[in-house]
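Working notes, beginning with the structure itself.
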């Protein structure tokens, strides 16, 4: 039988208008960096330069923190219902501009348009909508009467979900009455700068939100700034530990959302087809560049062959390529540095004796790409079973008993996410009770909702984002 | 032609039932006057049959509305606020006439009503986290309580506060997924009937809110006795009517929200959550967690 090829189905770039250069967003104005430094942001799918962006330094951090401090007095004194209405406005404008922002995010980040359009942007709008409603209901949130904000929040976010991580940081901070200085990642500054424009459209008072594109030095300066009351960071465990050391001895409140090595546990009674879909979602969503990715597959020995056959068959149908194509499943890796890290870890996996497999998969000639990859014969001692790869690489381990599954799942420095696949409800709950992880998905994976708290155990960080619980990080309680 | 010499087009006020705008099946109307006794409009004088039709519409809408996600309900309630903001001048006009208020005082009342929709829009996806939760039972069980809407709620809307009071009693009922049959203020029903026009253009499914005008005693009695109504809000009933309705409501053990105090309620005050929780059921689910063993749990 002849196979029908997919015709290209590219989403139009014309909905987004990227300026040749962008400034820092401080006190409601776009401005150059004090030392005039700029950096280029590229599309990881083509290496095309998208724009030139001002690069914040320590002096700019100080200016932004001062603006946020100045804005704090009035912003925190506003009635909650008025703060709520600003956030509702932002939520609505994001909904209105969601196609533009989805295309922008796909261009700057490299992830498929299907994901930015159907996951990132709806979640971003929903997050602002949800926390908007909390702004005038803080008395009901379980933190006592009239809980107070902390002050100026310094927020540093990663490149894997640029706008969603911004929403997770900014929405609860503003709802509770804080003002913010946010540093987006150096490889994905654009959606945060577009968000600055949304703040303008919403009429948000100057200085309440300040956006500082830049590198790690700007992030460190922000964390270190003496007039910052709250530090929120999402990123690698190594940087998270450095931040924890930096703030030691201060009164700064800290939340850290760091790395993970999520175990996805498949029992012998699991519905295989659904489990395969969940495994694919768990590790190949956003090219595996997800802190809560299900990067360790723990499969019960008796169904290992059947499951791996089905999984390999499914992986052979994944489409890698142009992220703007609506049929694309796997987009580009975010940067050359990240690609090099993934390649090195995959080579370590081979060198340590694990068996490597990838489907036949043609990689585009320009841009940063890595084929979906599966490692079998992996033991708990292997580097690829212990270290976060942050790429489309799945390590398969086996177990015989539920006890063994739990022991192996918990045998990690991390504790962010886990998955359980079984038809038996009591087994789900018994296993979930024993897992040392902040989010446990049963018969599903990588589900997110603004009402549902997210965050890690152990070295995956502390604090929760989302839900009623997410308010605590920004309240003086 | 100058504007003042132009003869204006008057509105025929109609009921809002099942997403449509019918006249009363009885064909009756009654005269609505402003506070100085000047004629404003003829409002439908609803019958017992109109009340029963409204219950049917509310019941029909309940499955879809209660089954919608809390996020979706929040979006719809916020849309009501958006639509109302755009028609503010109409409501300022109607409220000023209905309640004998100055333009500026009426504007404050309408703005407070818009903000009240926003307040309850934000509650749809939070009330479950505030009043529900995991219960730490002393045994190997997962035990979770979640609130659910009680069903069809009959509302006797406040008599004096024809608009802010009305919004304050309707929004919390539908925020949690109930559907409502509203008996508008008898003497000042026009803002309520106009609110139906806003609701009809706010993505609110037909039948979620049904608005009846007429004599409270005549319409509320069959609603209080109706076997397919799950709860009744007596805020707008005077003491003797409230008692009579509460007795009728006992027949199928309706949840009853009594009027607060003899002087009525101050609707400009912090609304709190009591109107949200008044029409919620609590469902608690138990599930064994079993234990890990060679073959998993025995359940």
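Chains as they are written, first to last, in this note's numbering: chain C, 1 to 477; chain W, 1001 to 1299. Glycine included, every Cβ here is placed at the ideal spot set by N, Cα and C. Bear in mind the structure is a predicted one, so any value in this text is a computation, not a measurement.
C-alpha gap between residue i and residue j, whole angstroms
i              : j              : result
residue 1174/W : residue 1255/W : 15 Å
residue 1060/W : residue 1147/W : 21 Å
residue 1032/W : residue 1064/W : 35 Å
residue 136/C  : residue 1122/W : 9 Å
residue 172/C  : residue 410/C  : 31 Å
residue 372/C  : residue 276/C  : 14 Å
residue 959/W  : residue 1207/W : No answer is possible for residue 959/W: the residues shown for chain W start at 1001 and end at 1299.
residue 1006/W : residue 1088/W : 23 Å
residue 1251/W : residue 1126/W : 33 Å
residue 15/C   : residue 101/C  : 9 Å
residue 1107/W : residue 1164/W : 11 Å
residue 1296/W : residue 141/C  : For residue 1296/W, the predicted structure reports a pLDDT of 48, less than 50, and the residue's modelled location is therefore unreliable. The matter cannot be settled from this model.
residue 90/C   : residue 1154/W : 36 Å
residue 106/C  : residue 289/C  : 14 Å
residue 54/C   : residue 192/C  : 13 Å
residue 195/C  : residue 421/C  : 38 Å
residue 177/C  : residue 72/C   : 8 Å
residue 80/C   : residue 1034/W : 36 Å
residue 161/C  : residue 466/C  : 15 Å
residue 20/C   : residue 103/C  : 17 Å
residue 188/C  : residue 1092/W : 48 Å
residue 403/C  : residue 430/C  : 10 Å
First through last residue of the alpha helix (DSSP H) which encompasses residue i
i              : result
residue 130/C  : 121-134
residue 1288/W : It is not in any alpha helix (DSSP H) - residue 1288/W instead sits in the beta strand (DSSP E) that spans 1280-1288.
residue 188/C  : Unbroken run through residue 188/C: none, as it is neither H nor E.
residue 1194/W : 1190-1199
residue 1136/W : Looking at the DSSP string, residue 1136/W is not in any alpha helix (DSSP H), and its letter there is neither H nor E.
residue 1256/W : Segment 1255-1257 is the beta strand (DSSP E) holding residue 1256/W; no alpha helix (DSSP H) there.
residue 1239/W : 1239-1249
residue 1050/W : 1048-1067
residue 1182/W : No alpha helix (DSSP H) contains residue 1182/W, which is instead part of the beta strand (DSSP E) from 1179-1183.
residue 250/C  : Where residue 250/C is concerned, there is no enclosing alpha helix (DSSP H), given that its DSSP letter is neither H nor E.
CB contact check: residue i to chain C, cutoff 8 Å
i              : result
residue 1109/W : no
residue 1121/W : yes
residue 1274/W : no
residue 1013/W : no
residue 1185/W : no
residue 1129/W : yes
residue 1021/W : no
residue 1297/W : At residue 1297/W the pLDDT is 48, less than 50, meaning the model places this residue with poor confidence; the figure from the coordinates comes in the next sentence. Chain C, which has a Cβ nearer than 8 Å to the Cβ of residue 1297/W, makes this yes.
residue 1004/W : no
residue 1292/W : yes
residue 1286/W : no
residue 1139/W : no
residue 1150/W : no
The beta strand (DSSP E) enclosing residue i, as first and last residue numbers
i              : result
residue 1034/W : Counting along the chain, residue 1034/W falls outside any beta strand (DSSP E), and DSSP gives it neither H nor E.
residue 1153/W : 1152-1156
residue 159/C  : Counting along the chain, residue 159/C falls outside any beta strand (DSSP E), and DSSP gives it neither H nor E.
residue 182/C  : 179-183
residue 396/C  : 393-399
residue 1111/W : Per DSSP, residue 1111/W belongs to no beta strand (DSSP E); it is in the alpha helix (DSSP H), 1103-1123.
8 Å Cβ cutoff, residue i in contact with chain W
i             : result
residue 410/C : no
residue 215/C : no
residue 395/C : no
residue 398/C : no
residue 425/C : yes
residue 204/C : no
Per-residue contacts from residue i into chain B (C-beta, under 7 Å)
i             : result
residue 130/C : The structure shown contains no chain B; its protein chains are C and W.
(request) May I ask you to verify whether the region 1132-1143 of chain W touches the region 1094-1109 of chain W, counting CB pairs closer than 8 Å and requiring at least 3? (result) no
(request) Pick out the complete alpha helix (DSSP H) segments inside the region 75-114 of chain C, 4 residues or longer, and give them in chain order. (result) 80-96 and 98-109, all fully within the region 75-114 of chain C.
(message) For the pair the region 325-339 of chain C and the region 41-59 of chain C, tell me if three or more CB-CB distances fall below 8 Å.
(response) yes
(message) Please give the ranges of any beta strand (DSSP E) in the region 288-361 of chain C, keeping only runs that are unbroken, at least 3 residues long and fully inside the region.
(response) 296-300 and 355-357
(request) Write down every uninterrupted run of the beta strand (DSSP E) in the region 218-242 of chain C whose length is 3 residues or greater and which is fully enclosed by it, in chain order. (result) Look at the region 218-242 of chain C and you find these whole runs of beta strand (DSSP E), each 3 residues long or longer: 230-234.
(message) Please give me, in chain order, every unbroken run of the alpha helix (DSSP H) with length at least 4 that falls completely inside the region 7-86 of chain C.
(response) If only uninterrupted alpha helix (DSSP H) runs of at least 4 residues are considered, those enclosed by the region 7-86 of chain C are 58-77.
(request) State whether the region 143-157 of chain C contacts the region 169-186 of chain C, with contact taken as three or more CB pairs (one from each stretch) at a distance under 8 Å. (result) yes
(message) Taking contact to mean 3 or more Cβ pairs, one atom from each stretch, closer than 8 Å, check whether the region 227-240 of chain C and the region 363-378 of chain C are in contact.
(response) no
(request) Check whether the region 81-98 of chain C touches the region 248-256 of chain C, taking contact to mean three or more Cβ pairs, one atom from each stretch, closer than 8 Å. (result) no
(request) State whether the region 3-10 of chain C contacts the region 281-301 of chain C, with contact taken as three or more CB pairs (one from each stretch) at a distance under 8 Å. (result) no
(request) Decide yes or no for the touch test of the region 278-287 of chain C against the region 321-328 of chain C: beta carbon pairs closer than 8 Å, at least 3 of them. (result) no
(message) Ignoring anything shorter than 4 residues, give me the alpha helix (DSSP H) runs that lie fully in the region 396-466 of chain C, in order along the chain.
(response) 402-410 and 425-434
(request) State whether the region 1008-1019 of chain W contacts the region 310-324 of chain C, with contact taken as three or more CB pairs (one from each stretch) at a distance under 8 Å. (result) no
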